[in-house]
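Undergrad:
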Amino acid sequence: MPSGVRGALVQRVSALPEGPLDISWIPAGTPRLPLGRIRLHWEPASRAGWDVTAHLGLATTEVLLASWPAAPDNWPRMVRPTLHEVTGLCAALAVATVALDLSNRLAEV
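If you use numbering that gives the first Met the number 0, the sequence shown corresponds to residues 0 to 108, in order.
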């Protein structure tokens, strides 16, 4: 990862097994992640491969979503299924939250 960055913000995860992960760099001074967003961080492992971690932004904090210690060089292919499922789940929860808020507002009328 370039110097001066905190990690990579996952912008999009392809549904295809060999599909790409679209990311943007997060500057080191950036505060916590927005709700439902995923940050990846990777660094060389002590013996071989890469130590990769994924954090998920929640309403008031960030939580460790997953870690892949000593992942092989093709680690993006390995982490893609997890990231794809979590981004889908976060999108579904966002839609459900909006629907619930709308339902509550309509019930008050």
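For glycine and all other residues, C-beta sits at the position ideal for the given N, C-alpha and C.
Leaving out five residues on either side along the sequence, give the residues of the same chain with a beta carbon under 7 Å from the beta carbon of PRO33.
TA: Locating residue 33 in the sequence shown gives position 34, where the first residue counts as 1. Contacts found: GLY56.
Undergrad: Please say whether LEU15 and LEU39 have beta carbons closer to each other than 9 Å?
TA: Within the sequence shown, residue 39 is the residue found at index 40, counting from 1. Within the sequence shown, residue 15 is the residue found at index 16, counting from 1. Taking 9 Å as the Cβ cut-off, LEU39 and LEU15 do not qualify as a contacting pair.
Undergrad: What residue from GLY18, THR60, GLY28, ALA47 has the CA that sits closest to ILE37's CA?
TA: Locating residue 37 in the sequence shown gives position 38, counting from the first residue. Nearest option by C-alpha distance: THR60.
Undergrad: Taking the alpha-carbon positions, what's the THR96 to SER45 distance?
TA: Residue mapping note: residue 96 aligns to position 97 of the sequence shown, counting from 1. Residue mapping note: residue 45 aligns to position 46 of the sequence shown, counting from 1. Taking the straight line from one Cα to the other gives about 42 Å.
Undergrad: For ALA69, which of VAL51, ALA27, TRP24, ARG104 has the nearest alpha-carbon?
TA: Taking the first residue of the sequence shown as position 1, residue 69 is located at position 70. Out of VAL51, ALA27, TRP24, ARG104, VAL51 has the C-alpha closest to the C-alpha of ALA69.
Undergrad: Let me check understanding here. Comparing Cα to Cα, which of ALA93, VAL78, ALA98 lies closest to GLU17?
TA: Along the sequence shown, one-based indexing puts residue 17 at 18. Looking at the Cα atoms, VAL78 is the closest of the given residues.
Undergrad: Looking at the unbroken beta strand (DSSP E) that takes in ALA7, where does it start and where does it end?
TA: One-based indexing of the sequence shown puts residue 7 at position 8. Start and end: 4-12.
Undergrad: Looking only at its own chain, which residues have a Cβ that is under 8 Å from the Cβ of THR81, when we skip the five neighbours before and after it?
TA: Numbered from 1 along the sequence shown, position 82 holds the residue referred to as residue 81. If we look at THR81 and ignore the five residues flanking it on each side, its Cβ neighbours are ALA53, LEU64, ALA65.
Undergrad: Are the Cβ atoms of ALA90 and GLY48 separated by less than 9 Å?
TA: In the sequence shown, counting from the first residue as 1, residue 90 sits at position 91. In the sequence shown, counting from the first residue as 1, residue 48 sits at position 49. Not in contact: ALA90 and GLY48 (Cβ atoms no closer than 9 Å).
Undergrad: Using 8 Å for Cβ pairs, my map puts TRP24 next to VAL4. What's the rounded Cβ distance?
TA: Along the sequence shown, read from residue 1 onward, the residue named residue 24 stands at position 25. Along the sequence shown, read from residue 1 onward, the residue named residue 4 stands at position 5. With a Cβ gap of about 5 Å, TRP24 and VAL4 count as contacting.
Undergrad: Would DSSP call SER66 helix, strand or coil?
TA: Position 67 of the sequence shown holds residue 66. Strand, per DSSP.
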